[in-house]
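S.K.: This is the structure, below, for whatever I ask next.
Structure (structure tokens):
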């Protein structure tokens with residue numbers, strides 16, 4: 255099959271197509287990887303070049319993805335076309351809310367604002383969408399809000415952005431931080 259030829263796209267055909275994301279995101283520092291896996295450039299079946307099947311590898315045994323809780327139904331992932339004709343790509347945006355202001359959350363948010371990250375975002379079916387790649391990491395910008403005594407919520411709205419040439423499913427093994 256020519257990877258760059260178009261293929262038929264069917265509707266859900268009775269399969270679930272639940273919108274939304276699960277209540278967490280997996281986060282790892284770009285500089286913690288010894289190898290950031292990529293999707294193949296060519297394939298023999300439709301969709302093959304959108305799936306990362308190799309495993310990511312980390313430099314140190316204790317490194318891996320950290321699981322960050324997000325308030326259910328506060329997070330979303332969007333991808334929009336960016337660039338000029340004959341040179342278009344995607345700007346991928348992520349947003350979610352992490353409640354509270356405990357010491358661990360304050361420290362985490364202070365550190366991630368200056369890092370390049372690779373994140374795995376689970377959709378409502380548990381499929382991981384990878385955002386960020388080698389040289390094109392996600393950058394987080396966490397905003398804090400104390401809320402008011404009468405209303406609001408206390409915690410961080412975490413916004414992330416990355417540039418990419420496409421959206422990819424990560425189907426490799428997920429290694430968690432020790």
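Numbering (this note's numbering), first residue to last: 255 to 432. Glycine residues also receive a C-beta, built at the ideal position from the N, C-alpha and C atoms.
1. Under 8 angstroms by Cβ, that's how I've got residue 365 and residue 414 pegged, so tell me the actual separation to the nearest angstrom.
2. From the DSSP output, which residues share a beta bridge with residue 418?
3. Residue 276 and residue 378 - do their beta-carbons sit closer together than 9 angstroms?
4. Around the Cβ of residue 267, are there at least 16 other Cβ atoms within 10 angstroms (buried) or fewer (exposed)?
5. Between which residues of its own chain and residue 330 is the CB-CB distance below 7 angstroms, once the five residues before and five after are set aside?
6. For residue 290, count neighbouring C-beta atoms within 10 Å of its own C-beta (all shown protein chains included) and say buried if the count is 16 or more, exposed if not.
7. On a Cα-Cα basis, can you pick out the residue from 405, 359, 390 that is closest to residue 324?
8. Does residue 262 pass the burial test, meaning 16 or more other C-beta atoms within 10 Å, or should it be called exposed?
9. Using only the alpha-carbon positions, how far apart do residue 294 and residue 386 sit?
10. Going by DSSP in three states, residue 428 sits in which element: helix, strand or coil?
M.R.: Considering the structure as presented:
1. Here residue 365 is actually not in contact with residue 414; their C-beta atoms are around 14 angstroms apart, not less than 8 angstroms.
2. Checking the DSSP bridge columns, you'll see residue 418 partnered with 344.
3. It is a contact, given that the beta carbons lie within the stated cut-off.
4. Taking all protein chains shown into account, residue 267 has fewer than 16 neighbouring C-beta atoms within 10 Å of its C-beta and is therefore exposed.
5. If you ignore the 5 residues before and after residue 330, its C-beta comes within less than 7 angstroms of the C-beta of 275, 349, all in its own chain and listed in chain order.
6. Buried, since its Cβ has 16 or more Cβ neighbours within 10 Å.
7. In terms of CA proximity to residue 324, 359 leads the group 405, 359, 390.
8. Note on residue 262: under 16 other CB atoms within 10 angstroms of its CB, so exposed under the neighbour-count rule.
9. Taking the straight line joining both Cα atoms gives about 16 angstroms.
10. Under the three-state reduction of DSSP output, residue 428 falls in the coil class, being neither helix nor strand.
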